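Residues 1 to 91 in full-length UniProt numbering are what the sequence shown spells out, letter by letter. Just so you know, even glycine gets a beta-carbon here, dropped at the ideal spot from N, CA and C. On a predicted model such as this, the values are computed, not experimentally measured, just so you know. Here's the structure we're looking at; comments come further down.
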Amino acid sequence: MSGVVKSNLAPLRYCDDSNNVTEVYPFNPNGSPLGIAALCSPDGRHLAMMPHPERSFMMWQYPWYPKEWQVEKSGPSPWLRMFQNAREWCS
């Protein structure tokens with residue numbers, strides 16, 4: 001597994017509130033080794049991931065966020081940026 005991380009084939013990893021990679025629930029809901037949340041192919045064309053960002057791309061769907069965030073519940077969540085980046089990469 002550490003070879004996957006060293007080869008940059010784990011583009012998403014579960015982190016705790018201090019941005020440390022974790023295997024601990026609830027930050028890592030399935031306890032995946034090394035906090036790996038997604039795997040990609042060496043050329044970056046294929047991505048397999050465990051989290052479901054499509055379920056919370058709008059703030060009203062977002063389960064939790066810090067109180068200091070000034071957000072509009074009808075606006076996009078931070079997860080939307082992932083989809084925008086993928087679209088740009090494919091264009």
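For residue i and residue j, I'd like the C-alpha separation in whole angstroms.
i	j	result
S41	M82	17 Å
W89	K67	33 Å
N20	Y62	21 Å
A48	C15	18 Å
P11	I36	8 Å
R55	G3	30 Å
N8	F57	25 Å
W64	S74	15 Å
S91	Q84	11 Å
G44	E72	33 Å
Since I believe residue j is in contact with residue i (beta carbons under 8 Å), could you give me their beta-carbon distance rounded to a whole number of angstroms?
i	j	result
M59	P76	7 Å
residue 148	V5	For residue 148 there is no data in the structure shown, the boundaries of the chain being 1 and 91.
Assuming contact is defined by CB atoms lying nearer than 8 Å, are residue i and residue j in contact in what I supplied?
i	j	result
N28	T22	yes
W79	P53	yes
Can you tell me which of the three DSSP states residue i falls into?
i	result
L34	helix
Going along the chain, which residues of its own chain have a beta-carbon closer than 8 Å to the beta-carbon of residue i, five neighbours each way excluded?
i	result
H46	C40
Y25	G31
S18	none
Might you give, ordered along the chain, the residues of its own chain that have their beta carbon closer than 6 Å to the beta carbon of residue i, omitting 5 neighbours on each side?
i	result
M1	P33, L34
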